[in-house]
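Student: Below is one structure. I have some questions about it.
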Amino acid sequence: MESQQTPNSSNQTLDARGLNCPLPILRTKKALNALHSGDTLKVVSTDPGSLKDMVAFCSQTGNTLLSSQQAGSDYEFFIRKA
Amino acid sequence: MTPETDTRTRILATAREMFHSRSYADVGIQEICVGAKVQKGSFYHFFPSKHDLAMAVIDDMADDWAHGFVAEAFDQNLPPVERLDYMIDAAYYWQKATVDAEGRMRGCLFGNLALEMSTRDEVMRAKLNAVFNKAKDRFRATLDEAVQAGALAAMDSEHTATAMLAYLEGIILLAKTRNEPELILVLGPAIKTLRIELTN
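Now the structure itself:
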């Protein structure tokens with residue numbers, strides 16, 4: 001999934017590179033807990049499973065996956081907290 | 083990493099994958115050697131037998147768990163009861179990963195081996211029991227902390243922790259049988275409702 005409109009700013013960035021499933025999701029959940037409703041979190045991961053996991057996680061938790069894209073060996077996600 | 087450590091690590095990783103996706107009995111030393119790209123002689127230098135290899139795989143995986151997602155879920159900075167939700171999420175996303183990748187849910191490696199081996203290999207049964215006990219102790223420490231903080235009423239934390247582990251392993255077994263990791267998300271959160279009362 002690739003979004004046409006990648007946000008150009010976020011309230012916080014989570015570096016989850018080098019972590020394997022399910023750690024990126026657990027760290028994302030923790031990072032979102034520390035943010036306010038409407039804030040945006042940028043997550044950078046290297047785990048290819050993150051692509052499907054972030055979709056499932058946002059659908060499960062009601063947060064909005066604003067964009068999802070690959071940049072070299074990194075996967076970048078922007079999530080808006082519900 | 084020295085070449086020697088590298089070889090041992092490759093054998094362990096290959097065996098873990100094969101035992102987990104299939105079973106202990108179904109996997110032979112020959113195919114582990116092929117998968118790990120090592121000669122049989124080299125295999126026996128590290129592991130005298132398949133049994134010894136399986137014991138090392140269990141230790142290796144238990145260590146990965148303890149320092150990986152179990153440590154992340156049972157994070158001391160999280161409120162105690164919330165850690166249980168993180169543990170359910172960890173189990174779900176970990177199981178979902180193999181369904182996404184290979185179409186099959188693998189279940190819990192320790193649970194799979196316990197079901198397969200407990201009547202056949204006393205040494206392996208005891209090791210798996212020790213792994214489960216360590217997991218139970220994580221639940222117990224969390225429950226004791228929650229009771230101390232006043233988040234939960236006093237309970238028999240030893241048996242409640244055992245019940246929580248049994249519930250989680252049971253859900254994973256059913257979800258594996260249905261090949262539906264989502265069952266972990268549906269039933270998992272109720273783990274927080276389990277409690278065994280203290281008896282006089």
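Protein sequence lines correspond, in order, to chains A and B. Mapping of the first sequence onto this note's numbering: position 82 corresponds to residue 82, and the numbering continues sequentially without gaps. In this note's numbering, each residue's number is its place in the second sequence (first place is 1) plus 82. Glycine included, each C-beta is placed from N, C-alpha and C at the ideal position.
When you check each C-beta in the region 151-169 of chain B against every C-beta of chain E, which residues fall closer than 8 angstroms?
Tutor: Among the protein chains of the structure shown, namely A and B, there is no chain E.
Student: How about L26 of chain A: is its C-beta nearer than 8 angstroms to some C-beta of chain B?
Tutor: As a first step, residue 26 of chain A must be located in the first sequence, where it is residue number 26. L26 of chain A counts as touching chain B.
Student: Does Q70 of chain A have its Cβ less than 8 angstroms from a Cβ in chain B?
Tutor: Residue mapping note: residue 70 of chain A aligns to position 70 of the first sequence, counting from 1. No, Q70 of chain A lies away from the interface with chain B (no Cβ there is under 8 angstroms from its Cβ).
Student: Checking contacts by CB at 8 angstroms: is A172 of chain B closer than that to chain A?
Tutor: Looking up residue 172 of chain B in the second sequence gives position 90. Yes, A172 of chain B counts as interfacial toward chain A.
Student: Please report the straight-line C-alpha distance between R277 of chain B and E251 of chain B, rounded to a whole angstrom.
Tutor: On the second sequence, position 195 is the one that residue 277 of chain B refers to. On the second sequence, position 169 is the one that residue 251 of chain B refers to. Answer to the nearest angstrom: the Cα atoms are 17 angstroms apart.
Student: For the ligand MG, I want to know if E99 of chain B counts as a neighbour, meaning its beta carbon is within less than 7 angstroms of at least one of the ligand's heavy atoms.
Tutor: Questions concerning the ligand MG fall outside what the structure shown contains, since it holds no ligand whatsoever.
Student: Does the separation of the CB atoms of A107 of chain B and E240 of chain B fall below 8 angstroms?
Tutor: As a working mapping, residue 107 of chain B is identified with position 25 in the second sequence. As a working mapping, residue 240 of chain B is identified with position 158 in the second sequence. No, the pair does not count as a contact, with Cβ atoms beyond the cut-off.
Student: Check whether chain B comes within 8 angstroms of G49 of chain A, counting only Cβ atoms and requiring the distance to be less than that.
Tutor: Taking the first residue of the first sequence as 1, we reach residue 49 of chain A at position 49. Yes, contact with chain B.
Student: Just the C-alpha distance for Y175 of chain B and P22 of chain A, rounded to the nearest angstrom, thanks.
Tutor: Stepping through the second sequence from its first residue, residue 175 of chain B is reached at position 93. Stepping through the first sequence from its first residue, residue 22 of chain A is reached at position 22. Distance between the alpha carbons of Y175 of chain B and P22 of chain A is about 5 angstroms.
Student: In three-state DSSP terms, what is V120 of chain B?
Tutor: The residue you call residue 120 of chain B lines up with position 38 of the second sequence. V120 of chain B falls in the coil class under three-state DSSP.
Student: Can you tell me whether T224 of chain B is buried or exposed, with buried defined as 16 or more other CB within 10 angstroms of its CB?
Tutor: For the purposes of this step, residue 224 of chain B is identified with residue 142 of the second sequence, where counting begins at 1. So T224 of chain B ends up on the buried side.
Student: In terms of DSSP beta bridges, what is I79 of chain A paired with?
Tutor: In the first sequence, the residue the question calls residue 79 of chain A occupies position 79. For I79 of chain A, which the question treats as bridged, DSSP gives the partners A:L41, A:L65.
Student: Take the Cβ of D320 of chain B as the centre, count every other Cβ of all protein chains shown within 10 Å, and call the residue buried at 16 or more, exposed below.
Tutor: Outside the shown range of chain B, which is 83 to 282, sits residue 320 of chain B, and nothing can be said about it.
Student: So, does the CB of L23 of chain A fall closer than 8 angstroms to a CB anywhere in chain B?
Tutor: Translated into positions along the first sequence, residue 23 of chain A becomes position 23. So yes, L23 of chain A belongs to the interface.
Student: Do L210 of chain B and L234 of chain B have their beta-carbon atoms positioned less than 8 angstroms apart in this structure?
Tutor: The residue given as residue 234 of chain B occupies position 152 in the second sequence. The residue given as residue 210 of chain B occupies position 128 in the second sequence. No; because the gap between Cβ atoms is not below 8 angstroms, this pair is not in contact.
Student: Which value, in whole angstroms, describes the spacing of the CA atoms of T242 of chain B and A248 of chain B?
Tutor: The residue labelled residue 242 of chain B in the question sits at position 160 within the second sequence. The residue labelled residue 248 of chain B in the question sits at position 166 within the second sequence. Approximately 10 angstroms, taken between the alpha carbons.
Student: Between which two residues does the alpha helix (DSSP H) harbouring A257 of chain B extend?
Tutor: Walking along the second sequence from the start, residue 257 of chain B turns up at place 175. 239-260 is the extent of the alpha helix (DSSP H) around A257 of chain B.
Student: Please decide whether K52 of chain A counts as near chain B, where near means a Cβ-Cβ distance under 8 angstroms.
Tutor: The residue given as residue 52 of chain A occupies position 52 in the first sequence. Yes, because at least one Cβ of chain B sits closer than 8 angstroms to the Cβ of K52 of chain A.
Student: Check whether the Cβ atoms of E279 of chain B and M246 of chain B sit closer than 8 angstroms, and answer yes or no.
Tutor: Here the question's residue 279 of chain B lines up with position 197 in the second sequence. Here the question's residue 246 of chain B lines up with position 164 in the second sequence. Contact: no.
Student: For W176 of chain B, which residues in chain A fall below 8 angstroms Cβ to Cβ?
Tutor: One-based indexing of the second sequence puts residue 176 of chain B at position 94. Under the 8 angstroms cutoff, chain A gives C21, P22.
Student: Find the nearest neighbour of Y75 of chain A within the set A:S9, A:K29, A:G18, judged by alpha-carbon distance.
Tutor: Your numbering for residue 75 of chain A matches position 75 in the first sequence. When only C-alpha atoms are compared, the closest one is A:G18.
Student: In whole angstroms, give me the CA-to-CA distance for T87 of chain B and I93 of chain B.
Tutor: Working through the second sequence from its first residue, we reach residue 87 of chain B at position 5. Working through the second sequence from its first residue, we reach residue 93 of chain B at position 11. Whole-angstrom Cα-Cα distance: 10 angstroms.
Student: Under the assumption that A95 of chain B contacts Q177 of chain B (Cβ atoms under 8 angstroms), give the Cβ distance between them as a whole number of angstroms.
Tutor: Along the second sequence, one-based indexing puts residue 95 of chain B at 13. Along the second sequence, one-based indexing puts residue 177 of chain B at 95. Contact flag wrong, Cβ pair sits at about 19 angstroms.
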